[in-house]
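Undergrad:
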Amino acid sequence: MVSKCSSCNDDLLDKFVACDSCHVTVHQSEHCTGLCASELRAVVIQKRTLMYFCADCRLSFKSVPKLIREIDNFKNELSALKQDMLKLKAEKGANSFSVDDVVNELHEREKRSKNILIFNLPELSNTSEDASQVKSILSKAHASINTNEVKILRFGNVNKNGHRPIKVIFSSASDALHVIKNKQTVSREKKIYFILDQTPNQRKLLDSLRSELSERQNAGE
Numbered sequence: 134m135v136s137k138c139s140s141c142n143d144d145l146l147d148k149f150v151a152c153d154s155c156h157v158t159v160h161q162s163e164h165c166t167g168l169c170a171s172e173l174r175a176v177v178i179q180k181r182t183l184m185y186f187c188a189d190c191r192l193s194f195k196s197v198p199k200l201i202r203e204i205d206n207f208k209n210e211l212s213a214l215k216q217d218m219l220k221l222k223a224e225k226g227a228n229s230f231s232v233d234d235v236v237n238e239l240h241e242r243e244k245r246s247k248n249i250l251i252f253n254l255p256e257l258s259n260t261s262e263d264a265s266q267v268k269s270i271l272s273k274a275h276a277s278i279n280t281n282e283v284k285i286l287r288f289g290n291v292n293k294n295g296h297r298p299i300k301v302i303f304s305s306a307s308d309a310l311h312v313i314k315n316k317q318t319v320s321r322e323k324k325i326y327f328i329l330d331q332t333p334n335q336r337k338l339l340d341s342l343r344s345e346l347s348e349r350q351n352a353g354e
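Per our numbering, residue 134 is the first one in the sequence shown, and the count goes up by one each step.
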C-alpha cells in the first residue's frame, strides 16, 4: 500500500520528509513541508542537525507556553487552597484533610468565580422587569458586557425590606471581577451592594481573618 502525503494527500514516492515529533510524512517539497528552499535543504541532508516539524506540530508547540502558564497558575491556586484548608482545619481542631476536600473546594471556587451577589435591590413582581433592572445596573458598571449572556436569579429568604438577594452568573470570571471593581458607579445611588460569590470555606476564612485583625487592633498592634 502506497503511503499518502499528509499535506497534499497524493501518493508518496521515494523522496519524503518525516516529522520528528509525530512522524507523519510529506513530500520533499517547499509546498508540502512549509519550508523555504534553504530550510528544506538543511532537513534532507543525510547527517542533518535541523529538526523538521509538520504544520500541525508547529501549531501545537505555539500553545505550549500558554499551557505551562496555566499549569503553573493551577499549582499556585492549589497551594494557596491547601493553606486555606489547613488553617480552617486547625481552627476546627482537626489534623488532616482529604484530597477530595481540596479538589471539591477548588472546583467550587472556580465555579463561583463567575458569579456576583447583589443585595438590597427592590424585587419587582414581574420577573422580566426585575431582570431588566439588574441588566441596566450591570451595563453601568461594565459598559461592554453583553447582558443577554448573563443569568439572573433571586434566591434565599427576603430581607427586612422584603427583597431577596440576586445571583448574577457571567460567562467569565473577568466579567464578574470587572463589575465588582466598578460597583461604586451604581451602589451609592441605588443603596445596594455587590460581593463576589464565595464558598462557605472562603467566608469562614474571611471571618477568621477579620476577627484576627480586630483582636490585633484592640491589642494596639
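For glycine and all other residues, C-beta sits at the position ideal for the given N, C-alpha and C.
Every value quoted in this text rests on a predicted model; they were computed, and no experiment measured them.
Sort out for me which residues DSSP pairs residue 253 with in a bridge.
TA: In the sequence shown, residue 253 corresponds to position 120, counting from 1. In the DSSP output, where bridge partners are listed per residue, residue 253 has none listed.
Undergrad: On the CB-based measure, 16 or more other CB atoms within 10 Å of its CB, does residue 217 come out buried or exposed?
TA: For this step, residue 217 is matched to residue 84 along the sequence shown. That one is buried.
Undergrad: Quick one: what's residue 191 bridged to in DSSP?
TA: Numbered from its first residue, the sequence shown carries residue 191 at position 58. Per DSSP, none; premise fails for residue 191.
Undergrad: Answer yes if the stretch 158 to 165 comes into contact with the stretch 140 to 149, meaning at least three C-beta pairs across the two stretches below 8 Å, and no otherwise.
TA: Counting Cβ pairs under 8 Å, three or more are found: they touch.
Undergrad: Is it right to say residue 288 is buried, meaning 16 or more other beta carbons lie within 10 angstroms of its own, or is it exposed?
TA: Locating residue 288 in the sequence shown gives position 155, counting from the first residue. The residue is exposed, with fewer than 16 neighbouring Cβ atoms inside 10 Å.
Undergrad: Would you tell me roughly how many angstroms separate the C-alpha atoms of residue 242 and residue 281, rounded to the nearest one?
TA: For the purposes of this step, residue 242 is taken as the residue at position 109 of the sequence shown. For the purposes of this step, residue 281 is taken as the residue at position 148 of the sequence shown. If you take the alpha carbons of residue 242 and residue 281, they lie about 24 Å apart.
Undergrad: Could you tell me how far apart the beta carbons of residue 273 and residue 236 are, in whole angstroms, since I believe they sit closer than 8 Å?
TA: As a first step, residue 273 is located in the sequence shown; it is residue number 140 there, counting from the start. As a first step, residue 236 is located in the sequence shown; it is residue number 103 there, counting from the start. So it is not a contact: roughly 38 Å between Cβ atoms.
Undergrad: Would you list the residues sitting across from residue 185 in a DSSP beta bridge?
TA: Residue numbering aside, residue 185 sits at position 52 when the sequence shown is read from its first letter. Note: residue 185 sits in no beta bridge, so no partner.
Undergrad: Spatial neighbours of residue 135 within its chain, please: CB distance less than 8 Å, with the 5 preceding and 5 following residues excluded, ordered by chain position.
TA: For the purposes of this step, residue 135 is taken as the residue at position 2 of the sequence shown. Cβ within range, chain order: 144, 145.
Undergrad: What number of angstroms, rounded off, separates the C-alpha of residue 167 from the C-alpha of residue 334?
TA: Counting from 1 along the sequence shown, the entry for residue 167 is found at position 34. Counting from 1 along the sequence shown, the entry for residue 334 is found at position 201. Distance between the alpha carbons of residue 167 and residue 334 is about 53 Å.
Undergrad: Where does residue 288 sit, in a helix, a strand or coil, going by DSSP?
TA: Translated into positions along the sequence shown, residue 288 becomes position 155. Looking at residue 288 - three-state DSSP - the assignment turns out to be coil, as it is neither helix nor strand.
Undergrad: Should residue 152 be labelled buried (16 or more other beta-carbon atoms within 10 Å of its own) or exposed?
TA: For this step, residue 152 is matched to residue 19 along the sequence shown. Residue 152 comes out buried.
Undergrad: Where does residue 234 fall in DSSP's three states?
TA: For this step, residue 234 is matched to residue 101 along the sequence shown. Helix at residue 234.
Undergrad: What does a CB cutoff of less than 7 Å around residue 175 pick up in its chain, not counting 5 residues either side in sequence?
TA: Taking the sequence shown and counting its residues from 1, one reaches residue 175 at position 42. Only 181, 183 meet the Cβ criterion.
Undergrad: Compare the Cα-Cα distances from residue 313 to each of 189, 270, 203 and report the closest residue.
TA: Numbered from 1 along the sequence shown, position 180 holds the residue referred to as residue 313. Of 189, 270, 203, the residue nearest in Cα terms is 270.
Undergrad: When you compare only the Cα positions, how much space is there between residue 91 and residue 178?
TA: Not covered by the structure: residue 91. The range shown for the chain is 134 to 354.
Undergrad: Counting pairs of beta carbons, one from the stretch 206 to 220 and one from the stretch 301 to 309, are three or more of them closer than 8 Å?
TA: No, the stretch 206 to 220 is not in contact with the stretch 301 to 309.
Undergrad: Is residue 170 helix, strand or coil when you go by DSSP?
TA: Looking up residue 170 in the sequence shown gives position 37. Reduced to three states, the DSSP call for residue 170 is helix.
Undergrad: Roughly how many angstroms separate the alpha carbons of residue 285 and residue 275, rounded to a whole number?
TA: Taking the sequence shown and counting its residues from 1, one reaches residue 285 at position 152. Taking the sequence shown and counting its residues from 1, one reaches residue 275 at position 142. When rounded, the distance between both Cα atoms is 16 Å.
Undergrad: Taking the Cβ atom as the reference point for each residue, do residue 158 and residue 141 lie within a distance shorter than 8 Å?
TA: Within the sequence shown, residue 158 is the residue found at index 25, counting from 1. Within the sequence shown, residue 141 is the residue found at index 8, counting from 1. In this structure, residue 141 does not lie closer than 8 Å to residue 158 by Cβ.
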